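Chains as they are written, first to last, in my numbering: chain L, 1 to 121; chain V, 122 to 242; chain S, 243 to 363; chain U, 364 to 484. Built from N, CA and C at the ideal position, the CB exists for glycine as well. In this text, all values refer to a predicted model and were calculated from it rather than measured experimentally. Read through the structure below, which is laid out as structure tokens, and then see the notes.
Protein chains: 4
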Amino acid sequence: MLAASQTAAAKMGVALTCAVVDVRGDLVALARMDGVAFLTADVARGKAITSALFGQPSGGLPPQMGPILQSLGSIARTDILPIQGALPIVRNGQTLGAIGCSGASSQQDEDAARAGVQTFR
Amino acid sequence: MLAASQTAAAKMGVALTCAVVDVRGDLVALARMDGVAFLTADVARGKAITSALFGQPSGGLPPQMGPILQSLGSIARTDILPIQGALPIVRNGQTLGAIGCSGASSQQDEDAARAGVQTFR
Amino acid sequence: MLAASQTAAAKMGVALTCAVVDVRGDLVALARMDGVAFLTADVARGKAITSALFGQPSGGLPPQMGPILQSLGSIARTDILPIQGALPIVRNGQTLGAIGCSGASSQQDEDAARAGVQTFR
Amino acid sequence: MLAASQTAAAKMGVALTCAVVDVRGDLVALARMDGVAFLTADVARGKAITSALFGQPSGGLPPQMGPILQSLGSIARTDILPIQGALPIVRNGQTLGAIGCSGASSQQDEDAARAGVQTFR
């Protein structure tokens, strides 16, 4: 999945960090491309966690949920980041995890994540 | 750079703390002028971190990003402070770090930071 | 590097998580093999950070340094885990980062890490 | 003071980060020489804090005080690091602050700190 996302990123002319998490939000795999800022690792993971926990795109949560999400992340001791760029990994209607990317525009991040998800299906 | 910022501060009749960080946000140099409150050291550093991580003036981030920045700082365990007073240090289009100042008005803080940046070029 | 470590793990009949970090301790790549506990991701990363920051095997630090390392990790807000299983990535005498593994015995973890390092050379 | 410490370090053929703190342990000035690891900034500061708060060399505290110092640092929310390499800045019998260095052997760190202190007198 990460290879597909990186290929998509290269085609768009951007460099990204992408992260795959399981349904619990724990890290399964991560790859940071050359020259990408360190912060993107945490951002990609945070987006992926958000997508996995809610079973939907990380950018699809209503903005007014922001404070609740912050409390949720604190209570559950996980890193929730409701920013566009992560998509859930779903099989037979069941969320298995998510993949999130960071480093370019939010739309490009999500496009790269989608390329990864499509490999999985 | 710090000497130039302090000279600029003295010309404005203010006393400041200025901090230089690298592109990762780690402290490279810091100087607190006589009589400046201790809090300014953390504020100058936090502004500089923000400017380095985003490659732009610390006061230029849109206010609605506030909550996301708070989450980001918490997730990445770094001190993000999106307040005017820090400028990125850029060479050949690449951000190498930032310099941030604190102790006077935000505009004066930024003016002193600019004096430091100009020495670097 | 991760592929080489996973191949070595498979040959030993164990399943691991391995993590690669840069010289600052920031995550570059991580891969968790099927069926490996979530905790191994943090452990592999912590070992790798330790190896990168000290430029030596994570298991080589003297035990009496334990309390100091705990303080250091807390002060520098990074995850130091002085347990065998990570090796530094060195080129021309300069530490570039480290690779750490977790999931089997400490010796097997280190053997898998070594397989990864050898690919790099 | 920092210039004198850096000169001493250069004479010893080492590169350091040195930090000056006031009697409260708050940062007054810091300088990281080229190529010195980020961790040294926190270590130099932590040593200097320890020296300033106890009015003695940071390496002079008895090892059995370790756990108490850790609790003290946590309670007072400051970073105590009882490792050799920092010396108090004293005038007329009164501790005004401390200077701490990190990056070489503990003895060299302290020697560089001493060069800084001697400039102050």
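Problem set entry | Sub-8 Å separation of Ala286(S) and Gly358(S) beta-carbons | Contact flag unset, no.
For this session: Would you grab the beta carbon distance between Thr259(S) and Ala273(S) for me? Rounded to a whole angstrom, and I think it's under 8 Å.
Result: For Thr259(S) against Ala273(S), the beta-carbon gap comes to about 7 Å, under 8 Å, which counts as contact.
Problem set entry | Range of the contiguous beta strand (DSSP E) that encloses Ala116(L) | The amino acid at residue 116(L) is misidentified as Ala; the sequence shows Gly. For Gly116(L), there is no enclosing beta strand (DSSP E); the enclosing alpha helix (DSSP H) covers residues 106 to 120.
Problem set entry | Three-state class that DSSP yields for Gly308(S) in the structure shown | Under the three-state reduction of DSSP output, Gly308(S) falls in the helix class.
Exercise. Between Gly345(S) and Val278(S), which are expected to be in contact by the criterion C-beta below 8 Å, what is the C-beta distance as a whole number of angstroms?
Worked result: Rounded to whole angstroms, the Cβ separation of Gly345(S) and Val278(S) is 5 Å, and the two are in contact under 8 Å.
For this session: Take Gln350(S) and list the residues in its own chain whose beta-carbon comes closer than 6 Å to its own, dropping the five residues that flank it on each side.
Result: Cβ within range, chain order: Met254, Val256.
For this session: Return the residue from the list Met275(S), Phe296(S), Pro305(S), Ala252(S) that minimises the CA-CA distance to Asp264(S).
Result: For Asp264(S), the closest C-alpha among the options Met275(S), Phe296(S), Pro305(S), Ala252(S) is that of Phe296(S).
For this session: Compare the C-beta of Ile331(S) with all C-beta atoms of chain U and state if any pair is closer than 8 Å.
Result: Taking Cβ atoms only, chain U never reaches closer than 8 Å to Ile331(S), which makes this a no.
Exercise. Name the chain L residues that come within less than 7 Å of Asp351(S), Cβ to Cβ?
Worked result: Here the premise fails: no neighbours, minimum Cβ distance about 17 Å.
Exercise. Quick one: which chain S residues come within Cβ less than 7 Å of Asp26(L)?
Worked result: Going along chain S in sequence order, the residues near Asp26(L) (Cβ under 7 Å) are Phe280, Ala283.
Exercise. What are the boundary residues of the beta strand (DSSP E) that Gln205(V) is part of?
Worked result: From DSSP, Gln205(V) is part of no beta strand (DSSP E); its letter is neither H nor E.
Problem set entry | Met275(S): CB within 7 Å of a non-hydrogen atom of the ligand PLP | Among the ligands in the structure shown, none appear at all, so the ligand PLP cannot be discussed.
Problem set entry | Backbone secondary structure at Ser223(V) - three-state DSSP | Assignment of Ser223(V) by DSSP, reduced to helix, strand and coil, places it in the strand class.
For this session: Provide the residue span of the alpha helix (DSSP H) that contains Ala41(L), from first to last.
Result: It spans 39 to 54 - the alpha helix (DSSP H) in which Ala41(L) sits, taken as one unbroken run.
Exercise. Taking the beta strand (DSSP E) that Leu182(V) falls in, what are its first and last residues?
Worked result: Taken as a continuous stretch (DSSP letters only), Leu182(V) belongs to no beta strand (DSSP E), as it is neither H nor E.
For this session: Report the three-state DSSP secondary structure of Ala382(U) (helix, strand or coil).
Result: Three-state DSSP puts Ala382(U) in a strand.
Exercise. Applying the criterion that 16 or more other CB atoms from any shown protein chain within 10 Å of the CB defines a buried residue, is Leu160(V) buried or exposed?
Worked result: By the C-beta density criterion, Leu160(V) is exposed, having fewer than 16 other C-beta atoms within 10 angstroms.
Exercise. What number of angstroms, rounded off, separates the C-alpha of Asp268(S) from the C-alpha of Ile291(S)?
Worked result: Going by the C-alpha atoms only, they are around 8 Å apart.
For this session: Identify the contact partners of Pro299(S) in chain U, using a Cβ-Cβ distance below 7 Å as the criterion.
Result: The contacting residues do not exist; Pro299(S) stays about 17 Å from chain U at best.
Exercise. Can you check whether the CB of Thr320(S) is closer than 8 Å to the CB of Pro330(S)?
Worked result: No. Outside cutoff.
Exercise. What residue from Pro430(U), Arg454(U), Arg387(U), Ile438(U) has the CA that sits closest to Pro445(U)'s CA?
Worked result: When each option's Cα is compared against that of Pro445(U), the closest is Pro430(U).
Problem set entry | Assumed close pair Gly85(L), Ile196(V) - CB separation to whole angstroms, cut-off 8 Å | With 8 Å as the limit, Gly85(L) and Ile196(V) do not qualify as a contact, their Cβ atoms being about 14 Å apart.
For this session: Taking only beta-carbon positions, decide if Ala392(U) is within less than 8 Å of chain V.
Result: At least one chain V Cβ lies under 8 Å of Ala392(U).
Exercise. Do you know offhand how far Ile322(S)'s Cα is from Leu303(S)'s?
Worked result: Across the structure, Ile322(S) and Leu303(S) are spaced so that their CA atoms are roughly 11 Å apart.
Problem set entry | Straight-line gap, Val438(S) to Met243(S) (C-alpha atoms, nearest Å) | Residue 438(S) falls outside the range modelled here, since chain S spans only 243 to 363, and no answer is possible.
For this session: Could you tell me the distance, in whole angstroms, from the CA atom of Ala354(S) to the CA atom of Ala340(S)?
Result: So the alpha carbons of these two residues sit roughly 13 Å apart.
For this session: Please report how far the alpha carbon of Gln248(S) lies from the alpha carbon of Met275(S), in whole angstroms.
Result: Going by the C-alpha atoms only, they are around 8 Å apart.
For this session: Return no unless some Cβ of chain L is closer than 8 Å to the Cβ of Ala197(V).
Result: Answer yes: the Cβ-Cβ gap between Ala197(V) and chain L drops below 8 Å somewhere.
Exercise. Using DSSP with H/G/I as helix, E/B as strand and the rest coil, what is Thr95(L)?
Worked result: Three-state result, Thr95(L): strand.
For this session: Over the uninterrupted beta strand (DSSP E) stretch that includes Ala273(S), give me the two end residues.
Result: For Ala273(S), the enclosing beta strand (DSSP E) has its first and last residue at 269 to 274.
For this session: Given a cut-off of 8 Å, decide if Glu231(V) and Pro184(V) are closer than it, judged by their beta-carbon atoms.
Result: Taking 8 Å as the Cβ cut-off, Pro184(V) and Glu231(V) do not qualify as a contacting pair.
Problem set entry | Residue closest to Asn213(V), alpha-carbon to alpha-carbon, out of Gln191(V), Phe241(V), Ser192(V) | For Asn213(V), the nearest C-alpha among the options comes from Phe241(V).
Problem set entry | Whether Ser313(S) touches Gln433(U) by CB criterion (8 Å) | Yes; because the gap between Cβ atoms is below 8 Å, this pair is in contact.
For this session: Using a Cβ-Cβ cut-off of 8 Å, state whether Gly466(U) counts as contacting chain S.
Result: Not closer than 8 Å to any Cβ of chain S, the Cβ of Gly466(U) fails to qualify, so no.
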